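The next block holds one structure in the form of structure tokens; read it before the comments.
Protein chains: 2
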Amino acid sequence: MAQTSLASNSATPKKHSFKQQQLLFREAAILDTVNQLLSQKGFDLMTMDEVAANVGIAKASLYKHFVSKEALAAASMARLLEHALDVMANLPEDDSSLDKLKAIVRWSVSTHLQGTMPLLPSTRSTIQSALQNHAPYMDCLGRLVEQLGAWIQQAQSSGELSADLPGEVMLYTIFARSCDPVADFLKQGGAFTDQEITEMIVRTTFQGMMG
Amino acid sequence: MAQTSLASNSATPKKHSFKQQQLLFREAAILDTVNQLLSQKGFDLMTMDEVAANVGIAKASLYKHFVSKEALAAASMARLLEHALDVMANLPEDDSSLDKLKAIVRWSVSTHLQGTMPLLPSTRSTIQSALQNHAPYMDCLGRLVEQLGAWIQQAQSSGELSADLPGEVMLYTIFARSCDPVADFLKQGGAFTDQEITEMIVRTTFQGMMG
DNA sequence: GTCTATACGAGGATAGAC
DNA sequence: GTCTATCCTCGTATAGAC
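Protein sequences appear in the order of chains W and V. Numbers in the numbering used here are just positions in the first sequence, counted from 1, shifted up by 1180. Numbers in the numbering used here are just positions in the second sequence, counted from 1, shifted up by 1180.
Laid out in structure tokens, this is it:
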């Protein structure tokens, strides 16, 4: 199956590069659609018919690219985490750890508001077990947790974040902002721009409602 | 239908009180089960078969009490909001507005952790429209929003909460704690008691991770 | 590897006896 | 108003032609 989507290996360079390019392009288009739908409706309410219709291909063709709905969602999530890692790797080096943590929350909420954040956390969904068996996803997640954990520790050491609040709690709190319904409610209210909403959530995440 | 579950009116006091008692008792049992299932799996993943099985009655009997799955969930939600209003009405009068707001968040998270909080917010679910057409729910919600809004304004006036953060944002932030996945993650981790988790979430909600 | 057509199961809701 | 048995729709997944 084309599920892992590896590029051509060095032994046979460019042998089928055009076909492969086309394949990857098609799969990227599928995953873009899946990202949107996962963001709008979540895994359980997203249907394969819908995905196929939005991409503009037949449902059966979808199953040639991804073996199941779970695999499709997992691929989408893995790509999102790769994107997150990329964002994190490209933050200004002279930013403090706290600044970097704020930046990743800003990116999460902003992505969520744009409708392309496939609901990372959310316990109570049937994908969770599928994700844990999806190596690419788990690999990215591990690296992401490691990096965020390091920044949290540094921010605690330097006094930018409270030293007496478990880092675990902070990690989950930051993660949870990616699926925070507050953003949806505020956007639905229509009184604020996406940027204003993002900044207010970043603020309440780090300073609460008293600071 | 017995959907509104009003007690016997004053014109015919106790005429069928025993039967009615039994009816209300049965319906309360159903709603207890629904609360648990909504808390564990959410609306979309909860099945009527499951509800019937857990209550110990046939599925068809369920439909004698509630006309649809949506009506069932709406009744469950309405009862929860009534409960919340009750908790709010019985807070110590000499508590400050901020204390009261903290108390309601504490109650929300605690209820969530106990597994009896039927996921209030959560956009992306099919119940939302049904809830908006359910008068008892909307009525309770209105009163709840009014009371919380008043407390927020008072806390802002007294300087307990930031005056430059829109009250709307605070309201939603408080609401969102009832379905915060952070609580689930921390509970799953097993490193903290429910009470510890609750207090940490109350803290981060109001003081953020820096305070 | 794309399509049309279809198998199959799950789940919401109902029929009709008691 | 409780039950058993059933209907019907929807959604995942597959068969098989091109």
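Note that the Cβ used here is the ideal one computed from N, Cα and C, for glycine as well. Keep in mind the model is a prediction, meaning the values are calculated, not measured.
Any Cβ of chain V closer than 8 Å to the Cβ of V1349(W) would place that residue at the interface, and such an atom is present. When C-alpha distances from G1322(V) are compared across M1350(V), P1361(V), T1213(V), L1261(V), the shortest belongs to L1261(V). When DSSP states are grouped into helix, strand and coil, S1248(W) belongs to the coil group. For K1282(V), the closest C-alpha among the options G1391(V), K1244(V), I1381(V), M1390(V) is that of I1381(V). In the structure shown, R1304(W) falls within a coil segment according to DSSP collapsed to helix, strand and coil. Counting along the chain, no alpha helix (DSSP H) covers L1345(V), and no H or E run does either. Neighbours of V1362(W) in chain V, taken as residues whose beta carbon is under 9 Å from its own, are P1301, V1349, Y1352, T1353, F1355, A1356 in chain order. For L1217(W), the closest Cβ of chain V is not nearer than 8 Å. In the displayed model, E1340(V) falls within coil according to three-state DSSP, outside both helix and strand.
Under the 8 Å criterion on CB atoms, L1341(V) is classed as interfacial with respect to chain W.
Taking the C-beta atoms as reference points, A1335(V) is found no nearer than 8 Å to S1241(V).
Rounded to the nearest whole angstrom, the C-alpha separation of M1297(W) and Q1216(W) is 7 Å. With respect to the 8 Å criterion, A1253(W) and V1214(W) are classified as neighbours on the basis of their beta carbons. Look at M1228(W): its C-beta is not under 8 Å from any C-beta on chain V. When the beta-carbon positions are compared, A1310(V) and E1250(V) come within less than 8 Å of each other. Here V1289(V) is buried. Its C-beta has 16 or more other C-beta atoms within 10 Å.
Minimum Cα-Cα distance from P1361(W) among the listed residues G1391(V), G1369(V), Y1352(V), V1325(V) corresponds to Y1352(V).
Taking I1354(V) as reference, the option from D1344(V), W1331(V), G1370(V), E1376(V) with the minimal CA-CA separation is W1331(V). Interface flag for D1224(W) against chain V is set, since a Cβ pair is found closer than 8 Å. Distances from the CA of E1379(W) to each of L1345(W), G1369(W), Q1368(W), A1363(W) were compared; the closest alpha carbon is that of A1363(W).
Note that the C-beta distance between R1304(V) and Q1220(W) is below 8 Å. Nearest Cα to G1329(V) within the set K1199(V), M1268(V), G1369(V), M1257(V): M1268(V). Take D1224(W), set aside five residues on each side of it, and the residues of its chain with a beta-carbon closer than 8 Å to its own are S1305, T1306, in chain order. Counting other Cβ atoms within 10 Å of its Cβ, F1205(V) stays below 16 and is therefore classed as exposed. G1369(W) reaches chain V at E1348, counting residues in chain order whose Cβ is nearer than 8 Å. With contacts defined by Cβ atoms closer than 8 Å, L1299(W) and L1218(W) form a contacting pair.
Taking all protein chains in view, the Cβ of E1340(V) is crowded by 16 or more other Cβ atoms within 10 Å, so the residue is classified as buried. With its beta carbon less than 8 Å from one in chain V, M1380(W) belongs to the interface. Taking C-beta atoms as the reference points, Y1317(W) and M1226(W) fail to come closer than 8 Å.
Distance between K1244(W) and M1228(V), taken at the CA atoms: about 34 Å. By the Cβ neighbour-count rule, V1349(W) is buried, with 16 or more other Cβ atoms within 10 Å of its own. Cβ neighbours of D1344(V) within its own chain (closer than 6 Å, five residues either side excluded): none.
Contact annotation, T1385(V) with V1285(V): C-beta distance approximately 6 Å; criterion of less than 8 Å satisfied. As for any alpha helix (DSSP H) of minimum length 4 sitting wholly inside the segment 1199-1281 of chain V, the runs are 1228-1235, 1239-1245, 1249-1269, ordered along the chain.
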